[in-house]
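Enquirer: Here the protein sequences line up with chains H, R and V, keeping their order.
According to my numbering, the first sequence is numbered sequentially starting from 6.
According to my numbering, the second sequence is numbered sequentially starting from 713.
According to my numbering, the third sequence is numbered sequentially starting from -17.
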Amino acid sequence: MSDGFIELRNIRKVFAGVVALDAMSLVIKPGEIHCLAGENGSGKSTVIKIMSGVYQPDGGEILIDGRTMPGMSPIEAIAHGIQVIYQDFSLFGNLTVAENLAMNVHLGEKRRLMNWRRTRAIAREAVARLGVELDLDAEVASLPTAGKQLVAIARALMSDARLIIMDEPTTALTRKEVETLFRIVRDIQARGIAILFVSHKMREMLEISERITVIRNGRKVAEGPTGDFDEALITRHMTGGDILNQPYVWTPPPGPPPAPRLEIRGLTVPGKCEDLSLAIRPGEIVGLSGLLGSGRTDLALALFGMVPGYKGEILIDGAPVRLRTTQEAIAAGIAYVPEDRLTEGLFLPQSIKRNMLATSYERLAPKLVIDRERAEEMTQGMVRAMQIATPTAEKPVMQLSGGNQQRVVLARWLLTDARVLILNGPTVGVDVGSKAEIHAKIRELAQHHGLAVLMISDDVLELVQNCNRIVLMHRGRFIEDLPAAAVTEETVSDRLKTFT
Amino acid sequence: MALLRRSETVIAGILLLAMVLIGTINPAFWQLDNLFSLMRSNVIIGIMAMGVLLVLISGGIDVSFPAFAVAAMYLTIKGMLALGYNGVVLPLLAATLMGLAFGAVNGFFVYKFRMIPLIVTLGTSAMVRGFLLGVVGTSMININKMPTALIDFARTDVVSVTKADGTTYGLTAMVLIYLGLALAMHLVLRYTMIGRSAYALGGDPEAARRAGFDLRKTIFFIYCVAGALAGFAGLLHSGMIWLANPRDFVGLELDVIAAVVLGGASIFGGRGSVLGTMLGVFMLVMVKNSLIIMRVDTTWQLVVVGLIVIAATALSAWRDRRRAA
Amino acid sequence: MKAQMNIRSLINRDNNIVQLLVMTVLIFAVMTALSPDKFLRYYNFESITYIFPELGLLSIAMMIAMLTGGIDLSVVGVANLSGILAGVLFHKMAGAAGIADAGILTVLLGGVIALGTGLVAGTVNGLLITRLGITPILATLGTGQVFTGLAIVLTGGPAIVGFPTAWAFLGNGKILGLATPFVLFAVIAALIAFVLSRTALGINLMLIGTNPKAALFAGLKRERMVLYSYMLTGVLASVAGIILSGRTNAAKSDYGNSYLLQAVLIAVLGGTNPAGGRGTVLGITIAVAALMLLSSGFQILRFSNHLIDFIWGAFLLLVIAINAYKNRTR
């Protein structure tokens, strides 16, 4: 007997031989604010789709108000008051706010004709209910992310919702926008509607939720009232990492200190980064973290030649360079492993070999024709060195696990004789075992190959354990430059919390 | 301010400018008989453009409408001759239904197999034209044999003017049909759910699916209407030129798509309006017809039209990029 | 051992090729069964080898444009314009001896002009697409009109008739017992296949078509590569134009209008993904062969040319349906 509004019991879901969910359980009480915490690839999205009826579980059961719901369809889920706000909001950018808001009502009533006056009335009421200001005639595509989210929430509230599931709601919001969101969420709760936040952003989840469930590798690994958790504990559950590593120690080589491998002086990206100065010596792994909007990704992109309008200086091994294109950055020895591996890093249907060699083809073909032997050599060498688990390099890279995929991306850059390695979220969506190996590989690259590494991450534990320095950024400026030995996970998290 | 920014206003402005330019080069442009002739030339392309607009808004492309138009036209005329039928309403209905049936095939392939509309309509276009010319026949039916009722109907004028030398010219009533259909399309796009569903589908197909739109209904509706309009326009055209030529309309798809895009519709879907399309069609037809009046050799016609298409698409690419920024 | 592995990997990598081969063999068998004495004549196949190359080259050109997710609707316009410009040159430079006996230098010059036209046209397309950001379908729609329009202006309407004998050889002659255009096609196709699989340009094009964003992050020179691909497409189209004018001894502004549609159909049938990232010369070649056998067979059966268009269209839709069905059940 469950006292929850909706409960998942031992849910199992398999896709083409890959187990996405395995004995996943989750209980949401009526009117509670619940957080499902998990990394990308942990199975969060699958849980959402099962709860909303898009997928049918292969095992286990779903209960609503204590009654099992076998084979629940999306329409039934909506009828029971389950609304999902996807990360992309599922809005129509080419239509107005008013039309987006009224759409579900029109569709629900199966009307044939479009009554614009009624549409406006519906929209006005929805917006008023939410207590926000929105321009009803604005094209949704022209709104900032926070605005789109408000429209999505307003729309979700229009049906008799009993549970609103929000998928990564705070990813693209500034601090102020997050506060607005939380105010609205508390208002919604006061009306007896439950909210499920699905996220990996710990700070905020701890702030708003009443209960937390942690999912890892498709299973529930922890659950309880929010008071029982703190950031470090949740992160540890999410990543499974009590990676008993030694913290990374950088020892300067003997002799006079070498010029920094990477140095930036007064780097400014208009509107994003302001007067940044930093030096990274060969062998250092410098961590970089900050809230959304801090400018960290913009800094990385500027270093990679994707922001030709930057101001300030960049020096590699003491020599100034002007990075106006990615080719110039690569030629200068800079490598960038992007945040979103699937859309920015990999050519999914192409082979592992092609993905690895993507940046090296020009070099492999000095006389027009690709040197096939050398290409094969390089590939096999990398497969071994990066311990990529695959019988052949001809397999399409989309068949690999997240961890192996990330290794392919790393391998690609190592083949370019990079001297500076910039990593953005290097182990997001990577399983625990691979995480440890990737960290070990990065350390090896720094220590034995003398690379200068800049590691951007939201995972404070990852930074504390793998960097010798941690830089904190906020609103486009560097705020702190801390030696890792002097801090712990807690102190860094606390410091980040003070940023507003 | 918002009015100024709307793309239709910009296009109307450019159109006006162009008209002034042409009129300056040759004031004969402004004479009533020329303007009437221009409007007449708008009718058939305009009707077809309405169908193309609908498809474009939904995020698809249709290149089969000329084939459907000519097939519906030729089959109907042949049928009329074989049955000895001489009328207007029934044949127009028949041609429209034929076009609708053809369009349904498009809809079927686009919906069921989720194949790119460009490829599907290329295939159906080839099939229909091939069948028409290969099985039905290639002979032109000229004025001697053409059903008179159709020709008389197409000859009706709304306004008639007699010139000093006794000849008359007029504004064909077919323009009213065009305007009527355009109005109908506008009403459908703006005031019916199925019209809005076309915009939704073009804006974000996945979101449209999630929102619960019946995409099967939408897709079939779109392609059937496009086909029906093509069939109707095809038969009307033969009435207007007193000729039924099964080889007609070759290359028309490029012109019409260009006109619709010129009128502000996005080739990626989700945007477009009837007013914009009408302006785009007018612009295209005007340029084509005015080359003579501007004493430009007709051999240059394609070049000019091509350059305009390029200029217009470059402009809209620039506009779309600014929008996305 | 290596050869065996290569064949196996070829077949595994591309189920599509096997499907095409099966289809071709089936067509051959059916056509033979329907008209055994007429279809199997050497003369029949020989005439196919004369007509096959134009369409084959245009289809390969179309495939290259599709590799990066684009399309080139101007290829026929480019082909015609190339032939016409060469023809205009020949007529202008016709000496007392007449056009037919034009010297080898003149003929070479004509070739250069024709190929140059293709190169320039491709460059224009490429620049419109990469620099101005116009979507390929609209850009090549416009340029196709312009090129055809220029062809009309140059000829005033009718065809340019009469090309040098040496030129006609390209379209009509024989090398080592094989039709010259066929030999040309084989050489060019092999070259293109080589470029696509063994050069940086080729592989880059595949990667760009697969994921343009990732290509950017991988440091690929996206714009440059796409520009090159359209230039290549243009040159291939001009070669098709050379062969066409050589074979028919004439150049007209509206020759081969149906070729455009057919080139797209063949590209798709041959396994090219119109959204980018996949396509092989082998697939195209087999698809062209299959459809030419189909046409030839139907021609022998006295089907009109138009009906053959019908069958091509039906074929395409059939293949689409089958492929879609297979992908669903997977």
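Cβ coordinates follow ideal geometry from the N, Cα and C atoms, glycine included.
1) Would H:T302 count as contacting chain V if we go by Cβ distances under 8 Å?
2) Using the Cα positions of R:V1039 and R:L787, report the straight-line distance between them to the nearest angstrom.
3) Starting from the Cα of R:L728, find the closest Cα among R:A1024, R:L1019, R:I759, R:F994 and give me that residue.
4) Using beta-carbon positions only, say whether H:Y91 and H:D172 come within less than 8 Å of one another.
5) On the criterion of 16 or more Cβ atoms from any shown chain inside 10 Å, does H:H453 qualify as buried, or is it exposed?
6) State yes or no: is the beta carbon of R:Y689 nearer than 8 Å to at least one beta carbon in chain H?
7) Cβ closer than 9 Å: which chain R residues qualify as neighbours of H:M1?
8) Quick one, which of H:T101, H:E144, H:G136, H:E138 has its alpha-carbon nearest H:T124's?
9) According to DSSP, is H:F202 helix, strand or coil?
10) H:A305 CB to nearest chain V CB: under 8 Å?
11) To the nearest angstrom, how far is it from the Cα of R:L733 to the Cα of R:A740?
12) With a CB to CB cut of under 6 Å and the five nearest residues on each side skipped, what residues in its chain are close to R:L812?
13) For H:R17, which residues from the same chain have a beta carbon less than 8 Å from its beta carbon, with the 5 sequence-adjacent residues on both sides left out?
14) Check whether chain R comes within 8 Å of V:L120, counting only Cβ atoms and requiring the distance to be less than that.
15) Quick check: the Cα distance between V:M(-17) and V:A103, rounded to an integer number of angstroms?
16) Chain H beta carbons: is any one of them nearer than 8 Å to that of R:V982?
17) Taking V:I134 as the query, report the chain R residues whose CB atoms sit under 7 Å from its CB, ordered along the chain.
18) Which residues, taken in chain order from the stretch 195 to 229 of chain V, show a beta carbon closer than 9 Å to some beta carbon of chain R?
19) Where does H:N360 sit, in a helix, a strand or coil, going by DSSP?
20) Count the other C-beta atoms from every protein chain shown that fall within 10 angstroms of the C-beta of H:I174, then say buried if there are 16 or more, exposed otherwise.
21) Kindly list, in the order they appear in chain R, the residues whose Cβ is closer than 8 Å to that of H:M119.
22) Flag V:N186 as yes if its beta-carbon sits less than 8 Å from any beta-carbon of chain H, otherwise no.
23) How about the stretch 747 to 754 of chain R and the stretch 873 to 891 of chain R: do they share at least three Cβ pairs that are nearer than 8 Å?
24) Cβ of H:R346 within 8 Å of Cβ of H:Q411?
25) With DSSP collapsed to three states, give me the class of V:S29.
26) Name, please, each residue of chain V whose Cβ falls closer than 8 Å to the Cβ of H:Q355.
27) Considering only the beta carbon of each residue, do R:L948 and R:I737 sit closer than 8 Å?
28) State whether the stretch 1017 to 1034 of chain R contacts the stretch 99 to 116 of chain V, with contact taken as three or more CB pairs (one from each stretch) at a distance under 8 Å.
29) What's the C-alpha gap between V:V301 and V:I9?
30) Would you mind giving the Cβ-Cβ distance between H:Q332 and V:G201, rounded to the nearest angstrom? I have them listed as a contact below 8 Å.
31) H:P313 versus chain V: which residues are under 8 Å apart at the beta carbon?
32) Looking at chain V, is there any beta carbon in it that lies within less than 8 Å of the beta carbon of R:M839?
33) Keeping to the same chain, check which residues put their C-beta closer than 8 Å to that of H:G314; ignore five residues upstream and five downstream.
34) Quick one: which unbroken alpha helix (DSSP H) runs of 4-plus residues sit fully inside the stretch 373 to 439 of chain H? Chain order, please.
35) With V:L2 and V:A269 assumed to form a contact (beta carbons below 8 Å), what rounded beta-carbon distance in angstroms separates them?
36) Please list the partners that R:R1033 has in chain V, where partner means a Cβ-to-Cβ separation under 7 Å.
Expert: From the atom records:
1) Taking Cβ atoms only, chain V never reaches closer than 8 Å to H:T302, which makes this a no.
2) Because chain R in this structure spans residues 713 to 1037, residue 1039 of chain R falls outside the shown range and cannot be described.
3) Comparing alpha carbon positions, the residue from R:A1024, R:L1019, R:I759, R:F994 closest to R:L728 is R:F994.
4) Their beta carbons are under 8 Å apart, which means H:Y91 touches H:D172 by this criterion.
5) Exposed is the call here.
6) Chain R is shown from 713 up to 1037; residue 689 of chain R falls before or after that span and cannot be answered.
7) A query on residue 1 of chain H cannot be resolved here, the shown segment of chain H reaching from 6 to 505 and no further.
8) Of the candidates H:T101, H:E144, H:G136, H:E138, the one whose C-alpha sits nearest the C-alpha of H:T124 is H:T101.
9) In the structure shown, H:F202 sits in a strand (DSSP, three-state: E or B).
10) Not one chain V Cβ lies under 8 Å of H:A305.
11) Those two C-alpha atoms are separated by around 12 Å.
12) Within the same chain, R:L812 has close Cβ partners C936, G939, A940.
13) Result list for H:R17: V24, L26, D27, A28, M29, P62, D63, G64, G65, in chain order.
14) Answer yes: the Cβ-Cβ gap between V:L120 and chain R drops below 8 Å somewhere.
15) Unreliable placement is indicated for V:M(-17), whose pLDDT of 41 sits below 50; the coordinate value is still reported in the next sentence. If you take the alpha carbons of V:M(-17) and V:A103, they lie about 45 Å apart.
16) Before going on, a small fix: residue 982 of chain R reads as Gly here, not Val. Closer than 8 Å: yes.
17) Within chain R, the residues T1011, L1014 have their CB atoms less than 7 Å from the CB of V:I134, given in chain order.
18) Contact residues of the stretch 195 to 229 of chain V toward chain R are absent (C-beta to C-beta distance below 9 Å).
19) It is helical.
20) Per the sequence shown, residue 174 of chain H should be read as Pro rather than Ile. It is buried - the Cβ of H:P174 has at least 16 other Cβ atoms within 10 Å.
21) Ordered by position in chain R, the residues that pass the 8 Å Cβ test against H:M119 are R902, Y903, T904, M905, G907, R908.
22) Yes, its Cβ sits closer than 8 Å to a Cβ of chain H.
23) Taking a cut-off of 8 Å for Cβ pairs, the stretch 747 to 754 of chain R and the stretch 873 to 891 of chain R touch, as three or more such pairs fall below it.
24) Yes; because the gap between Cβ atoms is below 8 Å, this pair is in contact.
25) Looking at V:S29 - three-state DSSP - the assignment turns out to be helix.
26) M188, L189, T192, G259, listed in chain order.
27) With a cutoff of 8 Å on beta-carbon distance, R:L948 and R:I737 are scored as not near each other.
28) Pairwise C-beta distances place the stretch 1017 to 1034 of chain R in contact with the stretch 99 to 116 of chain V, as three or more of them are shorter than 8 Å.
29) A straight line joining the alpha-carbon of V:V301 with that of V:I9 spans about 14 Å.
30) Sure, about 6 Å apart at Cβ, within 8 Å.
31) Chain V residues near H:P313: none, gap ~13 Å exceeds 8 Å.
32) Yes, its Cβ sits closer than 8 Å to a Cβ of chain V.
33) V274, P275, listed in sequence order.
34) Unbroken alpha helix (DSSP H) runs of no fewer than 4 residues, entirely contained in the stretch 373 to 439 of chain H, are found at 377 to 390, 407 to 419, following chain order.
35) Yes, V:L2 and V:A269 are in contact; Cβ-Cβ is about 6 Å, under 8 Å.
36) Those are G115, listed as they occur along chain V.
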